[in-house]
Amino acid sequence: MARHYELTLIVDSQAGDEAVTQTVGKYETFLTDSGAEPVIADRRGVRKLAYEVKKHLQADYTYIQFSSGEVSMIHEMDRLLRLDQSVLRHMFIKMDLPPVVPIEAPADSTEGGEEPDEDAAEKEKEDEA
Amino acid sequence: MNVRGRVKVCRFCEEKTVSINYKDDRLLRRFVTDRGKVIPRRMTGTCAKHQRELTTAIKRARNIAVLPYAAETSK
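Residue numbers (our numbering), protein chains in the order written: chain B, 18 to 146; chain X, 16 to 90.
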C-alpha cells in the first residue's frame, strides 16, 4: 500500500538559482526513478531562516509531495540528502492525505486570515471535487 | 490576557477553513511567545484536539527553521 509523504528540502541559495534548480531536480528524478507516483514539487524560493543553519541565514525552500509503497527508498534518499553538502536540511513527513497540487497561498496582504465569505469558499471546494 | 469568566472559543473549531500546517509560520507565530515558547491552551482557548495538532506543527516548523527553538538574546 502506498504511503503519502512530504519532503522539505532546504537548499543552500548562495550557489545561485540554477544550482538550486539542479539540486531539486536531481531529487525529483530520484523519486520518480524509485517509483514514487505522483511527485509534486512546490518551490517556495529563498526565505529567511528562523535560526542559523550551517552558518547560513537564508536558504531556498522546496516542498515535494509524493506517494510510495517502498520504505527502503526513503532510507536511501535520506542517506543521500545527509551526504549532500548543498542541502542544509531536509525533513520527511508522513501525510494522511494523498498529494495535491498546492493552491497558491495568498500574498502577505491577508493579515488576520479572515475569510470574507466562508460559504462561497466552501462551495468552491465542492465544485472542485 | 484572558479575563476569568470570558470563555474563548477554539479558533480552529470556529473557522473550519483554517487548517494547521507546519509551513504556515504566520499562523503558528500567533501560538508561540516572542521567545518561541508554545502558548498554553488556557491562554489561547484552543481545544485539546487542535492544540495537539498545533504542537506537532510547531515542532515540525522548528525542525525546518521556519520557527525558532528559542529567540536569540534580546536586542
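We put the beta carbon where it would ideally sit given N, CA and C, even for glycine. From a predicted model like this one, the values you see are computed outputs, not experimental measurements.
For chain X, is any of its Cβ atoms less than 7 Å away from the one on residue i?
| i | result |
| --- | --- |
| residue 36/B | no |
| residue 70/B | yes |
| residue 22/B | no |
| residue 108/B | yes |
| residue 67/B | yes |
| residue 25/B | yes |
| residue 124/B | Low confidence applies to residue 124/B: its pLDDT is 48, below 50, so where it sits in the model is not reliable, and the reading given next is rough at best. Output row for residue 124/B: interface = no. |
Quick check: is the beta carbon of residue i nearer than 7 Å to any beta carbon in chain B?
| i | result |
| --- | --- |
| residue 72/X | no |
| residue 69/X | no |
| residue 80/X | yes |
Taking all protein chains shown into account, do 16 or more other C-beta atoms lie within 10 angstroms of the C-beta of residue i, making it buried, or fewer, making it exposed?
| i | result |
| --- | --- |
| residue 18/B | exposed |
| residue 94/B | buried |
| residue 117/B | exposed |
| residue 114/B | exposed |
| residue 31/B | exposed |
| residue 74/B | exposed |
| residue 77/B | buried |
| residue 84/X | exposed |
| residue 49/X | exposed |
| residue 77/X | buried |
| residue 63/X | exposed |
| residue 65/B | exposed |
Between residue i and the rest of its own chain, which residues show a CB-CB distance below 6 Å, the 5 nearest in sequence each way excluded?
| i | result |
| --- | --- |
| residue 24/B | 81 and 109 |
Quick one: residues in its chain with C-beta nearer than 7 Å to the C-beta of residue i, no 5 flanking neighbours on either side, listed in chain order?
| i | result |
| --- | --- |
| residue 68/X | 35 |
| residue 98/B | 104 and 107 |
| residue 56/B | 45, 48, 49, 81 and 83 |
Give every residue of the same chain whose Cβ lies closer than 8 Å to the Cβ of residue i, excluding the five residues on either side of it in the sequence, and list them in chain order.
| i | result |
| --- | --- |
| residue 47/X | 53, 54, 73 and 82 |
| residue 61/X | 25, 26, 27, 46 and 69 |
| residue 85/B | 19, 20, 22, 48, 51, 52, 53, 54 and 91 |
| residue 44/X | 82 |
| residue 33/X | 26, 27 and 42 |
| residue 71/X | 37 |
Check your understanding: Listed in chain order, which residues of the region 25 to 57 of chain X have Cβ atoms closer than 9 Å to some Cβ of chain B?
Key -> 30, 31, 32, 33, 37, 38, 39, 40, 41, 42 and 51
If we require 3 or more residues per run, which beta strand (DSSP E) segments fall completely within the region 30 to 72 of chain B? 56 to 70
| Looking at chain X, which residues of the region 76 to 93 of chain B have a Cβ within less than 9 Å of any of its Cβ atoms? | 76, 78 and 80
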